[in-house]
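Peer 1:
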Amino acid sequence: MPNGDAPSFEWADEHAGRMGYGPLSILIRKLLNHSLLSTSDQQAIAGLPHIVKRAETGDSILREGDRADICPVLLSGFVYRQKVASDGGRQIVALKMPGDALDFQSIFLPTADHDVRALTPATLALVPLKAIEQLTIASAGIARAVLVDILIESSIGREWLLNIGRRNALARLAHLLCELHDRVNEIASARSGNFRVPLTQEQLADLLGLTPVHINRMLRQLEQMGAIGRPSRSLTILNFPKLAQISSFSSTYLHRNNPSGV
Amino acid sequence: MPRYFFHTTNGSPHRDEDGMTLPDIDAARREAIRYGGSLLSDDPDMVIGGNGMRIDVVDDAGQHRFAFRVIVEG
């Protein structure tokens, strides 16, 4: 599963045109998925100062120990958070999608406790943390949206802990694929069609706490069940209901359509 | 890097058609043992009341390199 080439996620540009809010409109849309934001709040976010930067696959975006003064917002592509053990063993602890702010945490906890790397070629808008902090002080709605965003990431982290600790290999892999399917749909709606999962078998192994050989076997099994396709060694989701059945997937922990966003 | 195939028999039969490229035979040994451990962790019953679990590792020349076996005695 080569992941050197970018999946065709150029939603940022599309949203920029439609909402008239510029590159950060994708962040606004992501926040609107879980929080209400007034028009003036949306305009304030759209007006955040930023510079746009390109990252290539594998590029380091944030390193453990760094003291960040910018918060990258992912405009296109995928990135992951990782922690590395002293013997070099790596655990991928989060995946971030277009529209995600990558480092709200550093507003409150200035020293990075993990690495952030590009999973695919990615476009980032680098926003000064101070500017975001000022918006959170000026607007209770924005402060709340930032808080909810952080809470949802920790909810996803708890689900991953359950996934890695207690689900069997097949359900573990199927569950991750269901989550990715839902999270991609959230930003891409019908366009994601046959969404191509931009993770290699080694990365899936490092994310799910399995060995690459075990991952390969589980992929084969899901493929034989018709749940996924593997055209030219990539990975696409073909049958979401099947994957959801295998993993007893419930999207409650993603807290979409969070009703109390006032 | 050489490619190794990890075929399992007994408790959890599976023929590995894809294989995995690994730096050397030592890495293949570690992979086989971890893989076996992971299979056992998923389904401990697979080694109870049968012939245990067996992973045979074959290189890309078709040569059998080693086997990893887990059996329960008594």
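Line by line, the protein sequences are chains A and B. First residue of the first sequence: 914, per our numbering; consecutive thereafter. First residue of the second sequence: 13, per our numbering; consecutive thereafter. For every residue, glycine included, the Cβ atom is placed at its ideal position computed from N, Cα and C. The structure displayed is predicted, hence computed values, not measured ones.
Excluding the 5 residues preceding and the 5 following serine 994 of chain A in the sequence, name in chain order all residues of the same chain whose CB lies nearer than 6 Å to its CB.
Peer 2: Residue identity check: residue 994 of chain A is arginine in the sequence provided, not serine. Contacts found: Val1006, Ala1007, His1027 and Val1029.
Peer 1: Any contact of the segment 1108-1128 of chain A with the segment 1086-1099 of chain A, i.e. 3+ C-beta pairs under 8 Å?
Peer 2: yes
Peer 1: At least one CB of chain A closer than 8 Å to the CB of arginine 15 of chain B: is that the case?
Peer 2: No, arginine 15 of chain B does not count as interfacial toward chain A.
Peer 1: Does the segment 1050-1061 of chain A come within contact of the segment 22-32 of chain B, defined as at least 3 CB pairs closer than 8 Å?
Peer 2: no
Peer 1: Which residue marks the beginning of the alpha helix (DSSP H) containing asparagine 1152 of chain A, and which one marks its end?
Peer 2: DSSP places asparagine 1152 of chain A in no alpha helix (DSSP H); its state is neither H nor E.
Peer 1: From the beta carbon of histidine 26 of chain B, is the nearest beta carbon of chain A less than 8 Å away?
Peer 2: yes
Peer 1: Below 8 Å on the Cβ atoms is my contact criterion, and I expect threonine 1149 of chain A with glycine 1139 of chain A to pass it. Report the Cβ-Cβ distance as a whole number of Å.
Peer 2: Contact flag wrong, Cβ pair sits at about 12 Å.
Peer 1: Please identify, using Cβ separations under 8 Å, the residues of the segment 1120-1135 of chain A that lie next to chain B, in order along the chain.
Peer 2: From the segment 1120-1135 of chain A, only Leu1123, Thr1124, Pro1125, Val1126, His1127, Asn1129, Arg1130 and Arg1133 have a Cβ closer than 8 Å to chain B.
Peer 1: Counting only the same chain and skipping the five closest in sequence on each side, list residues whose C-beta sits under 7 Å from that of alanine 44 of chain B.
Peer 2: Here the set comprises Phe18, Ile67, Val69 and Phe80.
Peer 1: Grouping DSSP H, G and I as helix and E and B as strand, with all else coil, what is serine 948 of chain A?
Peer 2: coil
Peer 1: Just the C-alpha distance for aspartate 1000 of chain A and methionine 13 of chain B, rounded to the nearest angstrom, thanks.
Peer 2: 22 Å
Peer 1: At which residues does the alpha helix (DSSP H) containing histidine 1094 of chain A begin and terminate?
Peer 2: 1082-1101
Peer 1: Exposed or buried, which one is serine 951 of chain A when buried takes at least 16 other CB atoms within 10 Å?
Peer 2: exposed
Peer 1: Phenylalanine 80 of chain B CB to nearest chain A CB: under 8 Å?
Peer 2: no
Peer 1: For isoleucine 941 of chain A, which option in A:Ser1145, A:Gly1054 and A:Asn1076 has the closest C-alpha, if you only look at C-alpha atoms?
Peer 2: A:Gly1054
Peer 1: Am I right that arginine 980 of chain A and proline 1023 of chain A are in contact with their C-beta atoms under 8 Å? What's the rounded C-beta distance?
Peer 2: Your pair arginine 980 of chain A and proline 1023 of chain A checks out as a contact, with CB atoms roughly 5 Å apart and the cut at 8 Å.
Peer 1: State the Cα-Cα distance for the pair lysine 1155 of chain A and alanine 1084 of chain A, rounded to the nearest angstrom.
Peer 2: 11 Å
Peer 1: Which one or two residues does DSSP pair with proline 985 of chain A in a beta bridge?
Peer 2: A:Leu1039
Peer 1: Helix, strand or coil for isoleucine 60 of chain B? Go by DSSP, reduced to three states.
Peer 2: coil
Peer 1: Check whether the Cβ atoms of isoleucine 1069 of chain A and tyrosine 1166 of chain A sit closer than 8 Å, and answer yes or no.
Peer 2: yes
Peer 1: Would you decide whether proline 985 of chain A is buried or exposed? Buried here means 16 or more other CB atoms lie within 10 Å of its CB.
Peer 2: buried
Peer 1: Taking glycine 1012 of chain A and isoleucine 939 of chain A to be in contact with their CB atoms under 8 Å, please state how far apart those CB atoms are, rounded to whole angstroms.
Peer 2: At roughly 4 Å, the Cβ-Cβ gap stays under 8 Å, so glycine 1012 of chain A and isoleucine 939 of chain A are in contact.
Peer 1: Identify which residue in B:Tyr16, B:Asn22 and B:Ile37 has its Cα closest to the Cα of asparagine 63 of chain B.
Peer 2: B:Asn22
Peer 1: Any Cβ of chain A within less than 8 Å of the Cβ of arginine 41 of chain B?
Peer 2: No, no contact with chain A.
Peer 1: Please list the terminal residues of the continuous beta strand (DSSP E) segment that includes tyrosine 1177 of chain A.
Peer 2: Since the first residue shown for chain A is 914 and the last is 1175, residue 1177 of chain A is missing from the structure and cannot be characterised.
Peer 1: Just to confirm the assignment, what range does the alpha helix (DSSP H) spanning tyrosine 47 of chain B have?
Peer 2: 37-54
Peer 1: Quick check on this structure: which residue in B:His76, B:Phe78 and B:Ser24 has the alpha carbon closest to the alpha carbon of glycine 49 of chain B?
Peer 2: B:Ser24
Peer 1: DSSP three-state call for glycine 1054 of chain A: helix, strand or coil?
Peer 2: helix
Peer 1: Does aspartate 72 of chain B have its Cβ less than 8 Å from a Cβ in chain E?
Peer 2: Looking at the structure shown, chain E is missing, and the protein chains on hand are A and B.
Peer 1: From B:His26, B:Phe78 and B:Ser53, pick the residue whose C-alpha is nearest to that of glycine 1179 of chain A; which is it?
Peer 2: Because chain A in this structure spans residues 914 to 1175, residue 1179 of chain A falls outside the shown range and cannot be described.
Peer 1: Classify tyrosine 16 of chain B as helix, strand or coil using the three-state DSSP reduction.
Peer 2: Three-state DSSP puts tyrosine 16 of chain B in a strand.
Peer 1: Counting contacts by CB-CB distance shorter than 8 Å, is asparagine 916 of chain A in contact with chain B?
Peer 2: With a pLDDT of only 47 at asparagine 916 of chain A, under the threshold of 50, the placement of this residue in the model should not be trusted; the figure read from the coordinates follows. No Cβ of chain B is located within less than 8 Å of the beta carbon of asparagine 916 of chain A.
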